[in-house]
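K.L.:
Below: one structure in C-alpha cells.
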Amino acid sequence: MIEARNLTKRYGPTVAVDALSFDVRPGSVTGFLGPNGSGKSTTMRMVLGLDRPDAGQVRVGGRRYRELRWPLREVGALLEAKAFHPGRSARSHLAALAASNAIPPARVDEVLDMVGLTSAAGRRAGKFSLGMGQRLGVAAALLGDPAVLLLDEPVNGLDPEGVRWIRDLLKSLAAEGRTVFVSSHLISEMALTAERLVVIGRGRLLADTTVAELSAGSASLEDAFFRLTNEAVEYRGNTTKEARS
Amino acid sequence: MTTTGETRKPRARSSRYRLAQAARMEWIKLRSLRSIWWTLAVTAAGTVGIGAAVGLNTRNASGDLTNNAMAGVVPGLLLVGALGVLTVTSEYSSGTIRATLAAVPRRPLVLAAKAAVFGAVTLIVGEAASFIAFFADAVTLRHGVAAPSLGQPGVLRAVVLSGAAFCLIGLLGLGLGAIIRHSAAAVGVLVAGVYVVAQVIGIIAHSVATYMPILILENSLSTTKPVTCGTSEASCPHFLSAWAGLGMLGLYAVIALAVGGWLLARRDA
Ligand SMILES: Nc1ncnc2c1ncn2[C@@H]1O[C@H](COP(=O)(O)OP(=O)(O)O)[C@@H](O)[C@H]1O
Ligand SMILES: [Mg+2]
C-alpha cells in the first residue's frame, strides 16, 4: 500500500509535482501514466525518500520510507536511471545491497537466476546491455522479497522479449498479493500490463481509475489518454496567465 | 566481516539496520572495485619507492633521516585523498547513490559506514607503506651513512604518524566528496587545499602555513625532532608538535565529514 497525500515538489520555478494524492493498493498492477516531464520519476523518488517533498507526504505500508526498519525487505525499486557502478559485478552489487539489510547472501543467486543473469553475474556491470542493466535493476528490487514494488519506466529500451518478460513478471508479482506501481509514458504498454491507473500531467492528478473505466468513455484508451493530458496542458496555460496578472 | 548471514539473522530480524549492516555494505562495495586496489597498490609502491630512492641518494648523515625516508608520503597522500573523493563521487556519477540511500535511508549512517571502512583500509595500507618505506630507506643507505632505527627517539612516532596521515587525508577526501559530489571539482578542491594553497601560503604567511596539511605532515608528523630553520626567527614559523599536527589533520577530516554528512542528509539524491 502506497499513500500519497498532497505531495508537492518544486525545482526552482518548476513545479514538478503539484498537490498529488493517490493510493496504490496491493493485489494488482497500478500503472503510473503521464507524458515525459509530468513528474513520475520525481514522485517515485519522493516515495523512496530520495527527494524531500516541499509539501505533503507519502507513506509506504503506513510508514514514511525513512522510518522503515529493513527498507529493502519492504520496498523494492527500479529507478529510471542506472543505479550501479560500471566497474562492479552484478553479484557484488547485489551482495552489497543484501548486506545492508541483513538479507541472506544466498538470496543474491536466487534473484540473479530469476532475472536470467546467472551466467553474467561475475562480469563488470558497465559492459551490460541496456536490457541486462534493467534486469539487474529488477534483481535489486526483488532482493528483499518486498511486498511493495516500484518500477520507473522499466520497459524503456527493452526489446520485445524483454518487454513481455517484465509484463508477465509484474502481473505475477501482483497476483501474489504485492503492491506493484509501475510508471510509463506509453498508454499502449499500460493497457497490457496494468489494471488500475494513476494518470498525471504537469505534476497534477488527472485520473485515478481503472483501465476499463478510462477506455469506456472514449473511442480508445489512447484517445482517452490524449484527452486527459491535453486538458493538463491547457490548465497550465491558464495558471501561467493568472500568475502573471 | 566474517560473521555469516545465517548467524546474524535472528538478531537482525528483531531490530533494524545499523552501522554494522551499513559498514558491511560499504566493505563489499570497496572490495569489489579493482580500481581501488590498484590505486592503493600504486600509492604504497610509490611511497616505498621514493623512500628507497632517497636512501640511495643520501650523503649527509646529519639530516633527519627518518623524515627523508618519509618523502614518498607526500605524493601518496594525494592519491589516497583523491581515492576518498572518488569513493563518494563515483556513487553520484554512476547513480549508485540512489540504491545506497534507498537501502539505508538514515543518511549520516551511510557516511559514517563509508568513513569507518575507508578509514580502516587506508590506515592499514598507510602504516604498511610508511614502515616499508622506512626500512627500504634504511637498507639502501650508502656512503657510510648509518641507518636510523625504530628505537631512536621520535623515530617510531614519525613512522606511525606518517602512516596515520594516509587515513586522515583519505577521510578529508571522503568528506569533500560528500560536500561537492562532482569528481573533478572535489579532486580539484582537495589538491588546491592540500598542495597549492599550502605552497602559496607557505611563502606569504608563515603563521598560517603551520596549519597547512602538507606542511603539518612534513614538519610535524614525519619528523623526529622539532623543525628549526636556523636562520632568522621571523622567516621560520613555529611548527606544531607531532601530536598537535595529528590532531589538526584529524580536525580537518572531522569537519569535512560532519559538513558532508549534514549536507547529505538535507539534499535531494
Ligand atoms: N533534479 C531536478 N532538478 C531540476 N528539475 C527537475 C529535476 N528532476 C526533475 N525535474 C523537472 O521536473 C519535471 C518532472 O520531471 P520527472 O519527474 O523526471 O518527469 P517524468 O518522470 O514524468 O518524465 C520536469 O520538468 C523536469 O525537468
Ligand atoms: Mg521519468
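Here the protein sequences come in this chain order: A and B.
Numbering of the first sequence is given in the numbering used here, commencing with residue 1 and proceeding in unit increments.
Numbering of the second sequence is given in the numbering used here, commencing with residue 1001 and proceeding in unit increments.
In this text, a Cβ means the ideal position worked out from N, Cα and C, and glycines have one as well.
Can you tell me where the alpha helix (DSSP H) holding residue 22 (chain A) begins and where it ends?
P.N.:
Run containing residue 22 (chain A): none in the alpha helix (DSSP H); it sits in the beta strand (DSSP E), 14-24.
K.L.:
Using a Cβ-Cβ distance under 7 Å, would residue 99 (chain A) count as near chain B?
P.N.:
Judged by the 7 Å Cβ criterion, residue 99 (chain A) is in contact with chain B.
K.L.:
In three-state terms, what does DSSP make of residue 1240 (chain B)?
P.N.:
Coil.
K.L.:
Where does residue 152 (chain A) fall in DSSP's three states?
P.N.:
Residue state, collapsed to three classes: strand.
K.L.:
For the alpha helix (DSSP H) that residue 2 (chain A) lies in, which residues bound it at each end?
P.N.:
Residue 2 (chain A) -> not in any alpha helix (DSSP H); beta strand (DSSP E) instead, spanning 2-11.
K.L.:
What are the start and end residues of the beta strand (DSSP E) that includes residue 208 (chain A)?
P.N.:
Note, residue 208 (chain A): beta strand (DSSP E), 204-210.
K.L.:
Evaluate the contact criterion for the segment 1020-1039 of chain B versus the segment 1106-1122 of chain B: three or more CB pairs, one atom per stretch, below 8 Å.
P.N.:
A contact exists between the segment 1020-1039 of chain B and the segment 1106-1122 of chain B.
K.L.:
From residue 1186 (chain B) to residue 148 (chain A), what does the alpha carbon distance come to, in whole angstroms?
P.N.:
Each residue's Cα considered, the two are about 37 Å apart.
K.L.:
What number of angstroms, rounded off, separates the C-alpha of residue 1256 (chain B) from the C-alpha of residue 1140 (chain B)?
P.N.:
About 39 Å.
K.L.:
Could you tell me the alpha carbon to alpha carbon distance between residue 1008 (chain B) and residue 179 (chain A), rounded to whole angstroms?
P.N.:
At residue 1008 (chain B) the pLDDT is 43, less than 50, meaning the model places this residue with poor confidence; the figure from the coordinates comes in the next sentence. Taking the straight line from one Cα to the other gives about 29 Å.
K.L.:
Is any beta-carbon of chain A found at less than 7 Å from that of residue 1093 (chain B)?
P.N.:
Judged by the 7 Å Cβ criterion, residue 1093 (chain B) is not in contact with chain A.
K.L.:
Once the 5 residues before and after residue 1051 (chain B) are set aside, which same chain residues still bring their CB inside 6 Å of it?
P.N.:
Within the same chain, residue 1051 (chain B) has close Cβ partners 1069, 1072, 1133, 1136, 1137.
K.L.:
Hey, how far is the Cα of residue 175 (chain A) from the Cα of residue 28 (chain A)?
P.N.:
So the alpha carbons of these two residues sit roughly 7 Å apart.
K.L.:
Can you give me, in chain order, the residues of the segment 83-112 of chain A that have a beta carbon less than 7 Å from any beta carbon in chain B?
P.N.:
Result list: 83, 84, 85, 86, 87, 88, 89, 92, 95, 96, 97, 99, 100, 101, 102, 104, 105.
K.L.:
With a CB to CB cut of under 8 Å and the five nearest residues on each side skipped, what residues in its chain are close to residue 1263 (chain B)?
P.N.:
Excluding positions up to five away in sequence, the list reads 1178, 1179.
K.L.:
Of all Cβ atoms in chain A, is any one closer than 7 Å to the Cβ of residue 1039 (chain B)?
P.N.:
False, the Cβ-Cβ gap to chain A never drops below 7 Å.
K.L.:
Cβ of residue 189 (chain A) versus every heavy atom of ligand 2: is any distance shorter than 6 Å?
P.N.:
No.
K.L.:
Going by DSSP in three states, residue 1263 (chain B) sits in which element: helix, strand or coil?
P.N.:
Residue state, collapsed to three classes: helix.
K.L.:
If we call anything under 7 Å between Cβ atoms a contact, is residue 1066 (chain B) one with residue 1153 (chain B)?
P.N.:
No, they are not a contact pair.
K.L.:
Sorted by chain position, which residues of the same chain lie with C-beta nearer than 6 Å to residue 16 (chain A)'s C-beta, five sequence neighbours on each side aside?
P.N.:
The answer, listed in chain order, is 9, 39, 42, 203.
K.L.:
Beta-carbon of residue 1105 (chain B) versus every beta-carbon of chain A: anything under 7 Å?
P.N.:
It does: the Cβ of residue 1105 (chain B) has a partner Cβ on chain A nearer than 7 Å.
K.L.:
In three-state terms, what does DSSP make of residue 200 (chain A)?
P.N.:
In the structure shown, residue 200 (chain A) sits in a strand (DSSP, three-state: E or B).
K.L.:
DSSP on residue 1166 (chain B), reduced to helix/strand/coil?
P.N.:
Correct three-state label for residue 1166 (chain B): helix.
K.L.:
Quick check for students: name the residue ranges of the alpha helix (DSSP H) that lie wholly in the segment 40-96 of chain A, counting only runs of 4 or more.
P.N.:
Counting only runs of 4 or more, we get 40-47, 71-74.
K.L.:
Who are the neighbours of residue 81 (chain A) on chain B, taking C-beta pairs under 8 Å?
P.N.:
Within 8 Å Cβ-Cβ: 1095, 1098.
K.L.:
Using 10 angstroms around the beta-carbon of residue 212 (chain A), count the other beta-carbons present and answer buried if the total reaches 16, otherwise exposed.
P.N.:
It is exposed - the Cβ of residue 212 (chain A) has fewer than 16 other Cβ atoms within 10 Å.
K.L.:
Mind listing, in chain order, the continuous beta strand (DSSP E) runs of no fewer than 3 residues lying wholly within the segment 137-193 of chain A?
P.N.:
Counting only runs of 3 or more, we get 148-152, 179-184.
K.L.:
Helix, strand or coil, according to DSSP, for residue 124 (chain A) in the structure here?
P.N.:
In the structure shown, residue 124 (chain A) sits in a strand (DSSP, three-state: E or B).
K.L.:
Nearest-angstrom Cα distance between residue 116 (chain A) and residue 135 (chain A)?
P.N.:
Straight-line Cα distance between these residues: approximately 8 Å.
K.L.:
Count the other C-beta atoms from every protein chain shown that fall within 10 angstroms of the C-beta of residue 287 (chain A), then say buried if there are 16 or more, exposed otherwise.
P.N.:
Residue coverage of chain A in this structure runs from 1 to 245, which leaves residue 287 (chain A) outside it and unanswerable.
K.L.:
In the segment 31-60 of chain A, which residues sit with their C-beta less than 8 Å from some C-beta in chain B, listed in chain order?
P.N.:
So the close ones are 45, 48, 49, 50, 51, 52.
K.L.:
Can you give the Cα-Cα distance for residue 244 (chain A) and residue 51 (chain A), rounded to whole angstroms?
P.N.:
Model confidence at residue 244 (chain A) stands at a pLDDT of 41, short of 50, so the residue's coordinates are unreliable; what they give is reported in the following sentence. C-alpha separation (whole angstroms): 29 Å.
K.L.:
Could you check whether the Cβ of residue 1248 (chain B) sits closer than 7 Å to any Cβ belonging to chain A?
P.N.:
With 7 Å as the cut-off, residue 1248 (chain B) does not count as an interface residue toward chain A.
K.L.:
Is there a Cβ from chain A that is less than 7 Å from the Cβ of residue 1199 (chain B)?
P.N.:
It does not: the Cβ of residue 1199 (chain B) has no partner Cβ on chain A nearer than 7 Å.
K.L.:
Relative to the C-alpha of residue 1314 (chain B), which candidate in B:1161, B:1268, B:1253 has its C-alpha closest?
P.N.:
Since the first residue of chain B shown is 1001 and the last is 1269, residue 1314 (chain B) is not available in this structure.
K.L.:
When the Cα atoms are used, what is the spatial distance from residue 1001 (chain B) to residue 130 (chain A)?
P.N.:
Residue confidence for residue 1001 (chain B) is low, a pLDDT of 42 falling below 50, so the modelled location carries little weight and cannot support an answer.
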